[in-house]
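See structure below.
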Amino acid sequence: MTGTQEIEARLTSGFYVKRDLTIVRGQGALLYDDQGNEYIDCVGGQGAANLGHANIKIAEAIYQQAQRLISCPEIFYNDQRAILLEKLINLTNSKFNRGFLCNSGTEAIEAALKISRFSTGRTEIVATMRGFHGRTMGALSATWEKKYRQPFEPLVPGFTHVPYNNLEKLEQVVDEHTAAVILEVVQGEGGVYPGTAEFLRGAQVLCNRFGALLIIDEIQTGFGRTGKMFAYEHFGLEPDLLCLAKSIAGGLPMGVVLIGKEVIELLPGLHGTTFGGNPVICAAANAALDIYVQDQLPERANALGRYFIGELRKLETPLIREVRGLGLIVGIELRQKVAPIIASLKEHGVLALPAGMTVLRFLPPLVIEKEQLEKVISAVHEVLSV
0 MTGTQEIEAR LTSGFYVKRD LTIVRGQGAL LYDDQGNEYI DCVGGQGAAN
50 LGHANIKIAE AIYQQAQRLI SCPEIFYNDQ RAILLEKLIN LTNSKFNRGF
100 LCNSGTEAIE AALKISRFST GRTEIVATMR GFHGRTMGAL SATWEKKYRQ
150 PFEPLVPGFT HVPYNNLEKL EQVVDEHTAA VILEVVQGEG GVYPGTAEFL
200 RGAQVLCNRF GALLIIDEIQ TGFGRTGKMF AYEHFGLEPD LLCLAKSIAG
250 GLPMGVVLIG KEVIELLPGL HGTTFGGNPV ICAAANAALD IYVQDQLPER
300 ANALGRYFIG ELRKLETPLI REVRGLGLIV GIELRQKVAP IIASLKEHGV
350 LALPAGMTVL RFLPPLVIEK EQLEKVISAV HEVLSV
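Heads up, the sequence shown is in numbering that gives the first Met the number 0, so the first residue is 0 and it goes up one at a time.
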C-alpha cells in the first residue's frame, strides 16, 4: 500500500470498497496511476466523464470564471447561470421552460419528487425494480436494491415498485392517486437494461391519462451517452421532469431538474440550495454543452456504440450470457461473478464497472478512439477466454 493509499484508507469514511489503484492523471479516455501505468477508462467517472479527462476547453472556462466570480447564490441573477439555463432549454427543443440547478443527481431526484407532490397534490410515486435513483432518503425510496435500502428503513412512505419493462404491472398501480412515475430509459446500476418502446411509451400514456407526472432519470444516460443528446429522444417521450447530472459540467459536480410546461408554477421557498447554479460550475457546463454539440458527440457515441456492442456480441465464450446496451452504455451479463473479471481487465490496462453481481459495465468517455475500443474488446476476449 502506497503512502497515499495508507492515508486515505486510514482517514476516509469507510463507505467505499477501494481498488488497489491510485489515479493521478488523465487525458482523453486514458488514466494514469502513480506508477505511470496507463489504463483505458471505461469507468468514465461512473458516467461523469463523457468528455474525457483534462479537456482544455473545460479547464479554460473554469480558469476564466474563477478569476471573475466564484460564488453567487440564486438570490441574485448571474450571467453564466442564465446562459446555461437557456442552453439547456434549447437542447431539449423547448420541451421544458424552467430549470432547478443543484449539485448532484440524487439532489435532482429529491427536487423532482418534491415538485411532483407539490404540483399534483398527491403523494404516491411509482418506481421500478432494479431502478437506481440515488442514496438520499427520497431518492433511496425510489431505488430498488435492498442492500442500499434496508440499513435505513423505514424510508419515505408512498413508493411502489413494479417490474421494469412490464407494462401490465405498471397499469395495475398507476391511478388517480399517483403523483409521478419515475423511470430510467436505460437502467444503469440495475444491470444495463434498455427500456422497451411499449413500456416507456405506455408509461407516458398512463401518466397523461391519470394526471401523473413522468419523471425521466437521465443522470447517467444524458448528454450523448446513448447516441442521442438525451435517451428519451429514442422513444419520442415528453417527460414532465427531466433529471440530469454527472456529465453536464464536464466532470464537475452539478445536477438539474428541467421542468415541463404542465407542472404548476412553483413558489419561492419551496426548495433551495446554497451551491446550486454556482458560476464556476455553470461556466464549465456552458463549455461542455458547446462541445457536445460542436463535436457531435451523441452521433459519435451512436456509431462507436454500435461497433462496440456488435464486436462484443461476436465473442465466442460460454461465460457471456448476453450483451446489452444503447450507444456507449454497455453491459455484458456473465455466467459468473463479475469482480474477478474486473480485476483481470485492470491487469490488461482496462478499467470497468460492475452493474450488479454478474454484469460487466462499460461507460467510456464519448471521446474514446476506435483503436482504444479495439484494445478493450481484445482485453475482454482474452480475459473471458481463460
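Where is the CB? At the ideal position from N, CA and C, for every residue including glycine.
- Taking a cut-off of 8 Å on C-beta distances, the stretch 72-86 touches the stretch 272-282, as three or more cross pairs fall below it.
- Just measuring C-alpha positions, the residue of 248, 307, 290, 368 sitting nearest residue 61 is 248.
- For residue 272, the three-state secondary structure derived from DSSP is coil.
- Rounded to whole angstroms, residue 70 and residue 274 show a C-alpha spacing of 8 Å.
- The beta carbon of residue 200 lies closer than 8 Å to those of 234, 235, 236 in the same chain, with the five residues before and after it left out.
- In the three-state reduction of the DSSP assignment, residue 184 falls in the coil class.
- Taking a cut-off of 8 Å for Cβ pairs, the stretch 210-217 and the stretch 176-183 touch, as three or more such pairs fall below it.
- Per DSSP, the unbroken beta strand (DSSP E) holding residue 160 starts and ends at 158-161.
- Taking C-beta separations shorter than 8 Å and ignoring five residues to either side along the sequence, the partners of residue 345 in its chain run 18, 20, 38, following chain order.
- In this structure, the straight-line span from the alpha carbon of residue 179 to that of residue 48 is close to 30 Å.
- Looking only at 380, 363, 257, 156, the smallest Cα-Cα distance to residue 29 is reached by 363.
- Of the residues 382, 338, 230, the one whose Cα lies closest to the Cα of residue 16 is 338.
- Counting C-beta atoms within 10 angstroms of its own C-beta, residue 289 has fewer than 16 neighbours from the protein chains shown and is therefore classed as exposed.
- Look at residue 359 here: in three-state DSSP terms it is strand.
- Residue 213 and residue 97 have their C-alpha atoms roughly 16 Å apart.
- Considered as a whole, the stretch 236-311 harbours 240-243, 254-259 as its complete beta strand (DSSP E) runs of no fewer than 3 residues, in chain order.
- Secondary structure note for residue 190: it is in no alpha helix (DSSP H), with a DSSP letter that is neither H nor E.
- DSSP, read as helix, strand or coil, puts residue 31 in strand.
- With respect to the 9 Å criterion, residue 331 and residue 358 are classified as neighbours on the basis of their beta carbons.
- The DSSP-derived three-state label of residue 335 is coil.
- Under the Cβ criterion (8 Å, minimum of three pairs), the stretch 125-137 counts as touching the stretch 102-110.
- For residue 321, the pairing in a beta bridge is given by DSSP as 332.
- Each residue's CA atom was taken as its position, placing residue 99 and residue 116 some 16 Å apart.
- For residue 40, the enclosing beta strand (DSSP E) begins and ends at 37-40.
- Taking C-beta separations shorter than 8 Å and ignoring five residues to either side along the sequence, the partners of residue 240 in its chain run 111, 114, 115, 179, 212, 213, 214, 215, 256, 257, 258, 259, 262, following chain order.
- In the structure shown, residue 97 falls within a strand segment according to DSSP collapsed to helix, strand and coil.
- Contact between residue 130 and residue 189 holds: CB atoms are separated by about 6 Å, below the 8 Å threshold.
- Taking C-beta separations shorter than 7 Å and ignoring five residues to either side along the sequence, the partners of residue 174 in its chain run 209, following chain order.
- Taking 9 Å as the cut-off, the Cβ atoms of residue 52 and residue 34 do not count as close.
- In this structure, residue 222 lies near residue 291, with their beta-carbon atoms less than 9 Å apart.
- A Cβ-Cβ separation of about 5 Å places residue 318 in contact with residue 333 under the 8 Å criterion.
- With a threshold of 16 other beta carbon atoms within 10 Å, residue 161 meets it and is buried.
- In the DSSP secondary-structure assignment, residue 382 is not bridged to any residue.
- Counting only the Cα atoms, residue 139 lies some 7 Å from residue 147.
- Assigned with DSSP and collapsed to three states, residue 52 falls in strand.
- Around residue 203, the same chain offers 213, 236, 237 as residues with beta carbons nearer than 7 Å, after the five sequence neighbours per side are excluded.
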